[in-house]
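Since the structure comes first, as structure tokens, the remarks are kept for the end.
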Amino acid sequence: MSRSPGEIIVRPVITEKSSTLQYEGTNAALRARHADKERSARPKYTFEVSADATKVEIRKAVEKMFEVKVASVRTMNCRGKDRRVGRSVGRRPHWKKAIVEVAEGELIDVFEGV
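Just so we're aligned: 272 in the numbering used here is position 54 of the sequence shown, and the numbers increase by one with no gaps anywhere.
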């Protein structure tokens, strides 16, 4: 079963923490701080992905959509929060988050200037 990249990647997640991860690999000061480690700092991008997507599918979808080389993919299942409006209680849907680390020197242009 082959799905299109648009079915696997739902949307980018833009938060303060994901912005910090994104620019960690591009900032010269942070690169110098990570220079003593065995691997250099690389930018990481966060996406909301389909709940049944695998790491391999996410890697291929990002490489195809943004034409970059993916170094690693980390995933986590995020639980939906309980929401209350007056007396009625509901629940936001559960969703899956993927943190994609791209190869050294690669950038995803969609996130630049956000």
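Cβ atoms here follow ideal geometry from the backbone N, Cα and C, with glycine treated the same way.
Next on the checklist: I need the straight-line Cα distance from V228 to G308, nearest angstrom please.
Outcome noted: Taking the straight line from one Cα to the other gives about 23 angstroms.
Checklist entry - Which value, in whole angstroms, describes the spacing of the CA atoms of K287 and K235? => result Taking the straight line joining both Cα atoms gives about 23 angstroms.
Checklist entry - Using the rule of at least 16 other Cβ atoms within 10 Å of the residue's Cβ for burial, across every protein chain shown, is A316 buried or exposed? => result The residue in question, A316, is buried, as its Cβ has 16 or more Cβ neighbours within 10 Å.
Checklist entry - How would you write the range of the alpha helix (DSSP H) that S237 sits in, first residue to last? => result S237 -> alpha helix (DSSP H) spans E234 to E242.
Checklist entry - If you count every other CB in all the chains shown that lies within 10 Å of the CB of T264, and 16 or more means buried, which is it? => result It is buried - the Cβ of T264 has at least 16 other Cβ atoms within 10 Å.
Checklist entry - In terms of residues, what are the limits of the alpha helix (DSSP H) holding G224? => result First-last of the alpha helix (DSSP H) with G224: P223 to I226.
Item to check | Where R277 falls: helix, strand or coil (DSSP) | outcome: In the structure shown, R277 sits in a helix (DSSP, three-state: H, G or I).
Next on the checklist: Output needed for R301: all residues of its chain with C-beta closer than 7 angstroms, excluding positions within five of it in sequence on either side, in chain order.
Outcome noted: The answer, listed in chain order, is G308, R309 and R310.
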